[in-house]
Amino acid sequence: MEIWINPRCGKCRSALNELEAAGAEYTVRRYLEDPPSAAELKAVLERLNLEPWDITRIDEQVAKDLGMKQWTKEPDDRARWIAAMAEHPILIQRPIITADDGHAVVARTPEAVKSVLP
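Residue numbers (numbering that gives the first Met the number 0): 0 to 117.
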């Protein structure tokens, strides 16, 4: 499995601690330093079964600068949201864990982390 983290984020550190405590095998992706492409974001969104606006950190300054609160949330707008997250990875909610079995979670709670453990 892979976990996308910002090392300064408390939720990310907690998720890493949960994975360590469970003895899980995982790789860490510091997504601010190694941003996902639009194609990777589309794939993760499919695995999450979510829309891009569901995992956008709308209160980040860049989101405010882009006026994202006013962006529509229609299927035709998905590409715009994904492009913004690919260009500004700080907009991506964290941590995200992609499990080996194909599903993924936004792992902001211990229960979410446990849901991806084998």
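In this text, a Cβ means the ideal position worked out from N, Cα and C, and glycines have one as well.
Which stretch, first to last residue, makes up the alpha helix (DSSP H) that contains residue i?
i: Ile81; result: 77-86
i: Leu44; result: 37-47
Along the chain, where does the beta strand (DSSP E) containing residue i start, and where does it finish?
i: Glu1; result: 1-4
i: Val112; result: Taken as a continuous stretch (DSSP letters only), Val112 belongs to no beta strand (DSSP E), being part of the alpha helix (DSSP H) at 109-113.
Under 9 Å between the Cβ atoms of residue i and residue j?
i: Pro51; j: Pro88; result: no
i: Val105; j: Leu47; result: yes
i: Val61; j: Ala103; result: no
i: Pro94; j: Arg77; result: no
i: Leu40; j: Met84; result: yes
i: Arg129; j: Ile54; result: Residue 129 is absent from the structure shown; the chain starts at 0 and stops at 117.
i: Glu24; j: Met0; result: yes
i: Ile81; j: Lys68; result: no
i: Asp99; j: Pro74; result: no
i: Ile2; j: Cys11; result: yes
i: Glu45; j: Leu90; result: no
i: Pro109; j: Glu17; result: yes
Quick check on DSSP: helix, strand or coil for residue i?
i: Arg7; result: coil
i: Arg12; result: helix
i: Ala103; result: strand
i: Arg93; result: coil
How would you label residue i, buried or exposed, when you count the other beta carbons within 10 angstroms and need 16 or more for buried?
i: Thr71; result: exposed
i: Thr97; result: buried
i: Ala14; result: buried
With a floor of 3 residues, list each beta strand (DSSP E) that falls wholly inside the stretch 50-80, ordered by position along the chain. Within the stretch 50-80, no complete beta strand (DSSP E) run reaches 3 residues.
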